[in-house]
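Visitor: Before I ask anything, here is the structure I am working with.
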Amino acid sequence: MDEIASMGIVYALWRRCASRALAGFGISLNQLQLIQLARRRGAISFSSAAAELLWDKPTMTLVARKCAAKGWLAVKRSRVDRRSSSLSLTGQGEELLDKMEAARVLWPESLGDPLDVLDSEERSGLARALDKVERRARDILQAPR
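Okay, so the sequence shown: first residue is 4 according to the numbering used here, each after it adds one.
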């Protein structure tokens with residue numbers, strides 16, 4: 004289990020760096036992940052977004068409300084089921100993403116790359132191993148208990 008702890012530490016350290024870089028844009032990493040998802044998927048339900056981002060529903064609701072309050076996402080209630088809502092990217096959200104991409108705020112050259120100590124063969128091997136581990140983790144999560 005030391006490997007899982009190490010993966011968690013690497014990710015936590017990267018998140019800290021990313022959060023610092025995003026602060027200048029007035030956005031958190033979770034908010035960025037949500038508006039990027041809305042850009043990729045188009046209109047998406049709260050529950051589908053939460054499932055895709057692996058967030059619980061209270062986290063999803065909180066992040067979505069903050070994004071809507073800042074004008075980056077629009078929230079539309081379902082006509083069929085008033086309890087259900089969908090999220091979609093606004094023009095303001097699109098502009099923010101474009102500005103951040105142009106600034107390359109989360110690019111390794113800007114943020115730093117903890118994997119730059121690996122040569123290309125080691126990096127490819129790590130990518131293959133992590134893909135295998137991620138698939139196994141998803142299988143474990145979905146297995147009936």
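All C-beta atoms, glycine included, are put in the ideal place defined by N, C-alpha and C.
Looking at the structure shown, is A146 part of a helix, part of a strand, or coil, going by DSSP?
Guide: Reading the sequence shown from its first residue, position 143 is the one you call residue 146. The answer is coil: DSSP assigns A146 none of H, G, I, E or B.
Visitor: Just checking my contact of T93 with A77 at CB under 8 Å: how many whole Å lie between their CB atoms?
Guide: Stepping through the sequence shown from its first residue, residue 93 is reached at position 90. Stepping through the sequence shown from its first residue, residue 77 is reached at position 74. With 8 Å as the limit, T93 and A77 qualify as a contact, their Cβ atoms being about 5 Å apart.
Visitor: Buried or exposed: where does L57 fall if 16 or more other Cβ atoms within 10 Å of its Cβ makes it buried?
Guide: For the purposes of this step, residue 57 is taken as residue 54 along the sequence shown, with counting starting at 1. Exposed.
Visitor: Taking the beta carbon of L118 as the centre, do at least 16 other beta carbons fall within 10 Å, making it buried, or is it exposed?
Guide: In the sequence shown, the residue the question calls residue 118 occupies position 115. Exposed: under 16 other Cβ atoms inside 10 Å.
Visitor: Could you round the C-beta distance between G45 and S91 to whole angstroms and report it? I think they count as a contact, below 8 Å.
Guide: Within the sequence shown, the letter at position 42 stands for residue 45. Within the sequence shown, the letter at position 88 stands for residue 91. About 7 Å separates the two Cβ atoms, so the contact holds.
Visitor: How should I12 be labelled, buried or exposed, when 16 other C-beta atoms within 10 angstroms of its C-beta is the threshold for buried?
Guide: Sequence index remark: in the sequence shown, residue 12 carries index 9 (1-based). Burial call: exposed.
Visitor: Checking the sheet assignment: what are the DSSP bridge partners for K69?
Guide: Within the sequence shown, numbered from 1, the residue matching residue 69 stands at position 66. Note: K69 sits in no beta bridge, so no partner.
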